[in-house]
Amino acid sequence: MLILLVDCSNETNLTTDEEVANLVNNYLEALETKDITSMLKYVDDIRFPDKVEQKEQYSNIDEDITDT
């Protein structure tokens, strides 16, 4: 007997749109809380080929961001 188990997981399958929305929300939460490490994790900022420079620039983000 051959049994194939497909999609037998308790984990919810997310659509691409939902995955993108989650990433954006995670980034914006990190921005509000000034969590630079998470911001770097969630964004691929092509303005900064060097992550060290990107981290420096993100450290200088305006402190008045409170609602995204």
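Residue numbering for the sequence shown follows my numbering, beginning at 6 and increasing consecutively. Quick reminder that beta carbons are idealized off the backbone N, C-alpha and C, glycines included.
Per DSSP, the continuous alpha helix (DSSP H) segment holding residue 22 begins and ends at 21 to 37. A distance below 6 angstroms between beta-carbons, with the five flanking residues on each side excluded, links residue 28 to the following residues of its chain, in chain order: 47. With respect to the C-alpha of residue 57, the residue from 67, 42, 23 having the closest C-alpha is 42.
Per DSSP, residue 58 is one residue of the alpha helix (DSSP H) stretching across 56 to 64. The beta carbon of residue 53 sits closer than 7 angstroms to the beta carbons of 59, 62 from its chain, once the five residues preceding and following it are set aside; these are given in chain order. Note on geometry: alpha-carbon atoms of residue 19 and residue 44 lie some 22 angstroms from one another.
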